[in-house]
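J.: Chains as they are written, first to last, in this note's numbering: chain V, 14 to 116; chain H, 3 to 411. For each residue, glycine too, the CB sits at the ideal point set by N, CA and C. Structure provided below as structure tokens; questions to follow.
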Ligand SMILES: Cc1cc2nc3c(=O)[nH]c(=O)nc-3n(C[C@H](O)[C@H](O)[C@H](O)COP(=O)(O)OP(=O)(O)OC[C@H]3O[C@@H](n4cnc5c(N)ncnc54)[C@H](O)[C@@H]3O)c2cc1C
Ligand code: FES
């Protein structure tokens, strides 16, 4: 089980508890604004773009090659960018905060 | 009132409520489940060892929370445009605005014996479940049709150890959607993974004897035997209701830029409709998640009286083995194809399609970078430098900088 805080593009905080899936599926299940998950989580749509809180970047880890390529030309991309569907929820992520970039 | 409960329908519910639309929403769908992701049905979902639960587009409680009335496992049989009602069998339901999102139907080629119990097709969760239950006992599977769904099924079944034969009527795989170079690549890929692939074969008859199926060609000569057959012979728009209601239909329900049909109270979206696309200066009927989602956003804006969103780029993906194909744009009508990289299994490459110098589409194979750069260029109607395109040592991002001539200049 991990508690994840999402900060939506309009500044709302949504706290979600999840024990599986990804940062994308947990957000969709809890109706977090700005995360659409259009491709269902196969790294093809970039509608699940988040910024990982600075304190968490090393624990969450960097984007993979394909993911980084999908992010490269997205609006709002920076070194804290991840695609939510590529970050599996795991117990170590308990307490994580991410900012939803949205489109 | 939304007829059909797939990708487009789910997105319309989301977008209408996001825009704070206060009206009543009713969703009528003949399938028993709330809307789910269809692409995994021919990919991960076919593996009997994998999780069989459907991947829902929005969780079940979303619909109650957003006050969407669900009428699942109910079929709309006809539309009465004058009275503004739809017939769902037992009762008639009235509407102010009707949205048709009925998707597409699998084509059934004229093959004698196509009705035999060992012959499966794949469109719904129920189809996938039926197929999944049978593949466990099947040694040899024949796939008729080498479109995306046929090839994805072949890949999924090879992964779980079935012997797979793919039979395609045209002289190459994916012939309707891609260039010969990319077709050849996918043919090698499947052969390398042990698929027996034959093109230019037109199956005319299937016979069954003690559970064994025999596939026969035109003159009734034996093509192969199989325990199970999967049809992947393409789809046609499910525009039957619209036709019955005398709406304008021509390869899909004809809609305007707001996805409105010729009846101002009726919209249509997704696979079932056909729309003029300014980017391509032609009417297109697309079968993709992107198209269903984006057209739902257009209709939500139209219903709420908001400005229509800007035209978006068609895109599509297909996963086969460890290969991800990403398509940006629509390549139909290209007059030039430039390859970047080598089109061989094991490598990543991209095929760039141009029409009179203007970039119209890209097929990117394990190359998301080519895909994202192309996506930007196509929307700008760019005329990229062919030297940069074909030279893998040049950074594709150069194409995005000034110096790229655009359609307008
Ligand atoms: C196996 C498979 C794999 C795919 N893979 C990909 C992929 O990788 N990438 C991609 O972009 N696209 C893929 N697609 C295409 C994509 O799923 C479709 O383009 C998309 O689902 C279209 O959405 P839609 O809402 O228009 O229709 P659908 O999602 O097909 O939904 C239509 C719904 O309406 C219901 N319906 C029809 N008539 C009636 C009626 N009279 N009354 C009540 N309900 C009715 C149908 O049963 C269905 O539930 C795939 C499709 C299939 C079948
Ligand atoms: S859900 Fe499509 S890229 Fe993450």
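Please classify residue 25(V) as buried or exposed, where buried requires at least 16 other C-beta atoms within 10 Å of its C-beta.
T.: Exposed is the call here.
J.: For chain C, find out if any of its Cβ atoms is closer than 9 angstroms to the Cβ of residue 83(V); answer yes or no.
T.: Within the model displayed, chain C is absent; protein chains V and H are what it includes.
J.: Does chain V have any CB closer than 9 angstroms to the CB of residue 188(H)?
T.: For residue 188(H), the answer is no, since every Cβ of chain V falls outside 9 angstroms of its Cβ.
J.: Under the rule that 16 or more other beta-carbon atoms within 10 Å means buried, what is residue 80(V), buried or exposed?
T.: So residue 80(V) ends up on the buried side.
J.: Report yes if the C-beta of residue 51(V) is less than 8 angstroms from at least one heavy atom of ligand 2; otherwise report no.
T.: Yes - ligand 2 has a heavy atom lying nearer than 8 angstroms to the Cβ of residue 51(V).
J.: Is residue 6(H) near ligand 1, judged by its Cβ being under 8 angstroms from some heavy atom?
T.: The answer is yes for residue 6(H).
J.: Can you find the residues in the same chain that come closer than 6 angstroms, C-beta to C-beta, to residue 233(H), ignoring five residues on each side of it along the sequence?
T.: If we look at residue 233(H) and ignore the five residues flanking it on each side, its Cβ neighbours are 123 and 146.
J.: Leaving out five residues on either side along the sequence, give the residues of the same chain with a beta carbon under 7 angstroms from the beta carbon of residue 83(V).
T.: These residues qualify, in order along the chain: 56, 59 and 96.
J.: Pair every Cβ in the stretch 93-108 of chain H with every Cβ in the stretch 49-66 of chain H, then say whether three or more of these pairs are closer than 8 angstroms.
T.: Touching, no, given that fewer than three Cβ pairs across the two stretches are closer than 8 angstroms.
J.: Is the shortest distance between the beta-carbon of residue 161(H) and the beta-carbons of chain V less than 9 angstroms?
T.: It does not; no Cβ of chain V falls within 9 angstroms.
J.: Got a sec, what are the start and stop residues for the alpha helix (DSSP H) residue 42(V) sits in?
T.: Counting along the chain, the alpha helix (DSSP H) containing residue 42(V) begins and ends at 36-42.
J.: So with Cβ pairs under 9 angstroms, would you call residue 32(V) a contact of chain H?
T.: No, residue 32(V) lies away from the interface with chain H (no Cβ there is under 9 angstroms from its Cβ).
J.: What's the call for residue 42(H), buried or exposed, on a 16-neighbour Cβ count within 10 Å?
T.: With 16 or more other Cβ atoms within 10 Å, it is buried.
J.: If you drop the 5 nearest sequence neighbours on each side, which residues of the same chain put their C-beta closer than 8 angstroms to that of residue 91(H)?
T.: Cβ neighbours of residue 91(H) beyond the five flanking positions: 76, 77 and 79.
J.: Looking at the secondary structure, which residues open and close the beta strand (DSSP E) in which residue 49(H) lies?
T.: Per DSSP, residue 49(H) belongs to no beta strand (DSSP E) and is neither H nor E.
J.: Confirm the yes/no value for this check: CB of residue 96(V), any heavy atom of ligand 2, distance under 8 angstroms.
T.: The answer is yes for residue 96(V).
J.: Please indicate yes or no: does the CB of residue 59(V) lie closer than 8 angstroms to some heavy atom of ligand 2?
T.: Yes.
J.: Mind checking whether the beta-carbon of residue 192(H) lies closer than 8 angstroms to any heavy atom of ligand 1?
T.: No.
J.: Pick helix, strand or coil for residue 293(H), following the three-state DSSP scheme.
T.: Looking at residue 293(H) - three-state DSSP - the assignment turns out to be helix.
J.: Is residue 193(H) close to chain V, meaning its C-beta is less than 9 angstroms from at least one C-beta of that chain?
T.: Cβ-Cβ to chain V under 9 angstroms: no for residue 193(H).
J.: What span of residues does the beta strand (DSSP E) with residue 207(H) cover, start to end?
T.: Note, residue 207(H): beta strand (DSSP E), 205-211.
J.: Does any residue of chain H bring its CB to less than 9 angstroms from the CB of residue 56(V)?
T.: By this cut-off, residue 56(V) is an interface position.
J.: Please tell me whether residue 374(H) has its Cβ less than 9 angstroms away from any Cβ of chain V.
T.: Residue 374(H) counts as touching chain V.
J.: Using a Cβ-Cβ cut-off of less than 8 angstroms, list which residues of the stretch 263-293 of chain H approach chain V; keep chain order.
T.: Those residues of the stretch 263-293 of chain H that come within reach of chain V (Cβ to Cβ, closer than 8 angstroms) are 291 and 292.
J.: What runs of the beta strand (DSSP E), each 3 residues or longer, lie entirely inside the stretch 214-281 of chain H?
T.: If we require 3 residues or more, the beta strand (DSSP E) runs fully inside the stretch 214-281 of chain H come out as 214-219, 224-228, 230-233, 237-239, 255-257, 268-270 and 275-279.
J.: If you compare alpha carbons, which of 177(H), 271(H), 390(H) and 327(H) is closest to residue 287(H)?
T.: Ranking 177(H), 271(H), 390(H) and 327(H) by Cα distance to residue 287(H) puts 271(H) first.
J.: How many angstroms separate the CA atom of residue 315(H) from the CA atom of residue 211(H)?
T.: Cα to Cα, residue 315(H) sits roughly 49 angstroms from residue 211(H).
J.: For residue 410(H), name the three-state secondary structure that DSSP assigns.
T.: Below a pLDDT of 50, predicted positions are generally treated as unreliable, and residue 410(H), at 44, falls in that range; the measurement from the model is reported next regardless. If DSSP states are grouped into helix, strand and coil, residue 410(H) belongs with coil.
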